[in-house]
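Visitor: Pasting in a structure now, in structure tokens, and then I'll have a few things to ask.
Number of protein chains: 2
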Amino acid sequence: MIPRLYIDGPLHSGLPAPLTAEQVHYLKNVLRRQEGDELRLFNGEDGEFAARIVELKKKTGAAQVGEQTRDQEAEPDLVLYFAPVKRGPLETIVQKAVEVGAARLVPVITERTIAPKLNIARLQAIATEAAEQCGRLNVPSVGEPIKFAALLKTWTEDRRLLFCDEAGDEEEKEWGGREGRAEPVLDVLKSIDSKTDGGVEPWAILTGPEGGFSPGERRELRAKSYVTAATLGPRILRADTAAIAALVLWQAALGDWRRS
Amino acid sequence: MIPRLYIDGPLHSGLPAPLTAEQVHYLKNVLRRQEGDELRLFNGEDGEFAARIVELKKKTGAAQVGEQTRDQEAEPDLVLYFAPVKRGPLETIVQKAVEVGAARLVPVITERTIAPKLNIARLQAIATEAAEQCGRLNVPSVGEPIKFAALLKTWTEDRRLLFCDEAGDEEEKEWGGREGRAEPVLDVLKSIDSKTDGGVEPWAILTGPEGGFSPGERRELRAKSYVTAATLGPRILRADTAAIAALVLWQAALGDWRRS
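Sequence lines, in order, name chains A and B.
Read in order, the letters of the first sequence correspond to residues 1 to 260 in full-length UniProt numbering.
Read in order, the letters of the second sequence correspond to residues 1 to 260 in full-length UniProt numbering.
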């Protein structure tokens with residue numbers, strides 16, 4: 001296996017590419033590589049390049065960039081807004097969202113979010129590692145957390161929002177079900193696909209905390225013209241499972257999983 | 001939140017239900033419950049019942065079964081065969097497969113499986129906990145590991161198999177691509193849905209180890225009449241992500257996520 005690394009800088013055949021202290025540690029101590037060994041490098045802009053390790057000191061290192069191995073490709077503009085949860089499932093969300101193909105990840109503080117102290121730098125490092133391992137040509141950014149109210153206030157209406165409404169029917173009954181029941185997610189996505197004729201609009205997915213969205217939040221979301229509500233099956237999914245499931249279904253129905 | 005517990009025994013209104021030492025520990029020390037507190041009990045056969053804790057000693061306890069709260073429901077007959085991976089992602093597979101709605105989980109030892117020592121009892125405990133938390137009315141069993149060759153040898157042909165062919169195109173080219181490329185998974189599942197007119201046959205999903213299936217295994221699988229091969233998007237998914245994604249897509253396209 002040839003290691004793939006994300007480089008925060010230009011990549012052109014013949015250029016040297018400096019390696020970070022973390023990359024040097026990873027290559028040397030985790031993967032046991034040495035000078036002369038092969039790499040693949042990408043920077044989110046110029047595609048992917050073959051490269052060779054030319055220097056591997058204690059904390060510094062460099063690669064020599066060779067031939068381009070892949071062209072840069074456009075990816076679907078799909079943002080994941082997710083209520084942060086505790087550390088294990090939080091990291092699962094970030095890792096899996098990158099693999100499945102989200103373009104950007106933003107934690108959203110909802111009413112029932114039991115906000116952990118978020119280490120965005122650590123989440124970004126997890127996203128970078130996932131991008132390197134899954135063969136992506138870019139690294140999704142992990143944004144600073146935003147409050148639910150601010151998210152809706154600053155929303156640009158050309159981006160559609162798939163709202164994963166896991167609260168179930170009990171609350172629905174409480175307020176008379178007047179906003180209607182959420183439909184099965186694939187029905188929702190299929191009907192959109194037939195309307196937009198395969199064109200890819202900017203989209204986002206919003207998933208809630210373990211306790212779900214509050215009735216007020218659900219009402220507010222359902223009232224927005226850009227929101228599509230959907231249910232993810234009859235069982236109660238954990239927050240991380242719901243985020244992965246929604247991303248997978250969107251990619252398979254509207255995103256780049258449609259290509260073979 | 002009222003705790004839900006799986007009971008390995010009969011459940012009828014008015015009967016006492018003994019609690020296991022693990023359940024007593026969980027109720028007492030993790031959830032801080034006491035005698036008189038409410039429970040929900042299910043046993044995989046008789047639906048779900050309200051119950052009340054009537055005894056909570058050091059290692060023994062019992063509940064008194066009250067009214068039935070839910071009828072038993074049939075679930076799709078979907079087995080997940082998965083190559084075991086290292087502990088973290090292995091436990092993710094089991095937990096998420098139960099939530100998403102697999103009926104049974106069986107580890108399969110393939111050519112490239114780096115077989116960890118499997119603790120089936122621990123995986124079964126994770127499955128039970130996931131079933132209790134996601135609101136299922138049964139607990140999927142976690143089977144003993146089976147070898148790839150034995151799996152195909154004992155296959156009953158009325159069960160269809162979705163083979164998640166993550167190996168990509170390189171090996172395909174090596175052997176001339178004569179078995180054809182795998183199709184995007186949702187296309188495959190949609191075409192089956194239109195043929196079977198919504199009827200639910202027995203199905204299984206097979207996912208591989210981190211290194212994928214060997215060319216020989218892929219050839220063997222592709223030659224079986226009951227096998228449908230599908231790809232899960234353009235990125236390389238980790239083994240646990242692939243298993244979750246395949247289960248989610250099957251449930252949404254052919255399983256019980258279709259109901260609203």
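Using N, Cα and C, we set each Cβ at its ideal position, and we do this for glycine too.
Remember, it's a predicted structure, so these values are computed and weren't measured experimentally.
1. By Cβ distance, which residues of its chain are closer than 6 Å to R159 of chain A, with the 5 residues on each side in sequence left out?
2. So, is the C-beta of C134 of chain B closer than 8 Å to a C-beta in chain A?
3. Using a Cβ cut-off of 8 Å, which residues of the stretch 211-236 of chain A contact any Cβ in chain B, in chain order?
4. Is E131 of chain B near V98 of chain B, with beta carbons less than 8 Å apart?
5. For E210 of chain A and A239 of chain A, what's the separation of their Cα atoms in angstroms?
6. Within 10 Å of its beta-carbon, does D8 of chain B have 16 or more other beta-carbons around it, so buried, or fewer, so exposed?
7. In whole angstroms, what separates the C-alpha of F42 of chain B from that of Q68 of chain A?
8. Taking the runs of the alpha helix (DSSP H) that are 4 residues or longer, which of them lie wholly in the stretch 180-260 of chain B?
9. Do A182 of chain B and T110 of chain B have their C-beta atoms closer together than 8 Å?
10. Using a threshold of 8 Å, state whether the C-beta atoms of L11 of chain A and V85 of chain A are closer than that.
11. At a cut of 8 Å, does the stretch 16-28 of chain A reach the stretch 46-65 of chain A through at least three beta carbon pairs?
12. Using a threshold of 8 Å, state whether the C-beta atoms of L186 of chain A and A252 of chain B are closer than that.
13. Strictly below 9 Å CB to CB, what residues from chain A border A125 of chain B?
14. Does any residue of chain A bring its CB to less than 8 Å from the CB of P184 of chain B?
15. Examine chain D for any beta-carbon lying closer than 8 Å to the beta-carbon of Q23 of chain A, and answer yes or no.
16. Using a Cβ cut-off of 8 Å (strictly closer), state whether W250 of chain A contacts chain B.
17. Please list, in chain order, the chain B residues whose beta carbon lies closer than 9 Å to that of T241 of chain A.
18. Just to confirm, are T137 of chain A and G255 of chain A a CB contact at a threshold of 8 Å?
19. Return no unless some Cβ of chain B is closer than 8 Å to the Cβ of R87 of chain A.
20. Please state if the CB of L151 of chain B and the CB of A127 of chain B are separated by a distance shorter than 8 Å.
21. Within 8 Å of any Cβ in chain B, is that where the Cβ of A50 of chain A sits?
22. Run the CB neighbour count on A115 of chain B, radius 10 Å, all protein chains shown included, and call it buried at 16 or more, exposed below.
23. Is R259 of chain A close to chain B, meaning its C-beta is less than 8 Å from at least one C-beta of that chain?
24. Taking all protein chains shown into account, do 16 or more other C-beta atoms lie within 10 angstroms of the C-beta of T60 of chain B, making it buried, or fewer, making it exposed?
25. According to DSSP, is A51 of chain B part of a helix, a strand, or is it coil?
26. CB-CB under 7 Å to E217 of chain B, same chain, minus the five flanking residues each way: which ones, in chain order?
27. From this set, B:A121, B:C134, B:V188, which residue's C-alpha is nearest S141 of chain B's C-alpha?
Guide: Based on what the coordinates show:
1. Translated into the one-based positions of the first sequence, residue 159 of chain A becomes position 159. Excluding sequence neighbours, R159 of chain A sits near P202, A204.
2. On the second sequence, residue 134 of chain B is found 134 positions in, with the first residue counted as 1. True, the Cβ-Cβ gap to chain A drops below 8 Å.
3. T231, L232, G233, P234, R235, I236
4. Within the second sequence, residue 131 of chain B is the residue found at index 131, counting from 1. Within the second sequence, residue 98 of chain B is the residue found at index 98, counting from 1. Residue 131 of chain B is actually Ala in this sequence, not Glu. Their beta carbons are under 8 Å apart, which means A131 of chain B touches V98 of chain B by this criterion.
5. In the first sequence, residue 210 of chain A corresponds to position 210, counting from 1. In the first sequence, residue 239 of chain A corresponds to position 239, counting from 1. When rounded, the distance between both Cα atoms is 6 Å.
6. Along the second sequence, one-based indexing puts residue 8 of chain B at 8. The residue is exposed, with fewer than 16 neighbouring Cβ atoms inside 10 Å.
7. On the second sequence, residue 42 of chain B is found 42 positions in, with the first residue counted as 1. On the first sequence, residue 68 of chain A is found 68 positions in, with the first residue counted as 1. Approximately 58 Å, taken between the alpha carbons.
8. 185-196, 215-222, 239-254
9. Here residue 182 of chain B is taken as the residue at index 182 of the second sequence, counted from 1. Here residue 110 of chain B is taken as the residue at index 110 of the second sequence, counted from 1. Cβ distance not < 8 Å, so A182 of chain B and T110 of chain B don't count as in contact.
10. Translated into positions along the first sequence, residue 11 of chain A becomes position 11. Translated into positions along the first sequence, residue 85 of chain A becomes position 85. Going by C-beta atoms, L11 of chain A is not nearer than 8 Å to V85 of chain A.
11. yes
12. The sequence position of residue 186 of chain A within the first sequence is 186, counting from 1. The sequence position of residue 252 of chain B within the second sequence is 252, counting from 1. A contact, by the Cβ cut-off of 8 Å.
13. Mapped onto the second sequence, residue 125 of chain B falls at position 125. Here the premise fails: no neighbours, minimum Cβ distance about 17 Å.
14. Here residue 184 of chain B refers to the residue found at position 184 when the second sequence is read from its first residue. Yes, P184 of chain B counts as interfacial toward chain A.
15. Of the protein chains in this structure, namely A and B, none is chain D.
16. Here residue 250 of chain A corresponds to residue number 250 of the first sequence, with the count starting at 1. No - not a single Cβ of chain B is within 8 Å of the one on W250 of chain A.
17. The count along the first sequence starts at 1 and reaches residue 241 of chain A at position 241. Result: Q95, K96, E99, V100, C134, I244, V248.
18. Numbered from 1 along the first sequence, position 137 holds the residue referred to as residue 137 of chain A. Numbered from 1 along the first sequence, position 255 holds the residue referred to as residue 255 of chain A. A small correction: the amino acid at residue 137 of chain A is Leu; Thr does not occupy that position in the sequence shown. Their beta carbons are not under 8 Å apart, which means L137 of chain A does not touch G255 of chain A by this criterion.
19. Residue 87 of chain A sits at position 87 when you count from the first residue of the first sequence. Not closer than 8 Å to any Cβ of chain B, the Cβ of R87 of chain A fails to qualify, so no.
20. Working through the second sequence from its first residue, we reach residue 127 of chain B at position 127. Working through the second sequence from its first residue, we reach residue 151 of chain B at position 151. No; because the gap between Cβ atoms is not below 8 Å, this pair is not in contact.
21. Position 50 of the first sequence holds residue 50 of chain A. With 8 Å as the cut-off, A50 of chain A does not count as an interface residue toward chain B.
22. Locating residue 115 of chain B in the second sequence gives position 115, counting from the first residue. A115 of chain B should be labelled exposed.
23. By one-based count along the first sequence, residue 259 of chain A stands at place 259. With 8 Å as the cut-off, R259 of chain A counts as an interface residue toward chain B.
24. Your numbering for residue 60 of chain B matches position 60 in the second sequence. Classification for T60 of chain B: exposed.
25. Numbered from 1 along the second sequence, position 51 holds the residue referred to as residue 51 of chain B. Note: A51 of chain B maps to strand in three-state DSSP.
26. The residue labelled residue 217 of chain B in the question sits at position 217 within the second sequence. T110, E111, F148.
27. Residue 141 of chain B sits at position 141 when you count from the first residue of the second sequence. Comparing Cα positions, the closest option is B:A121.
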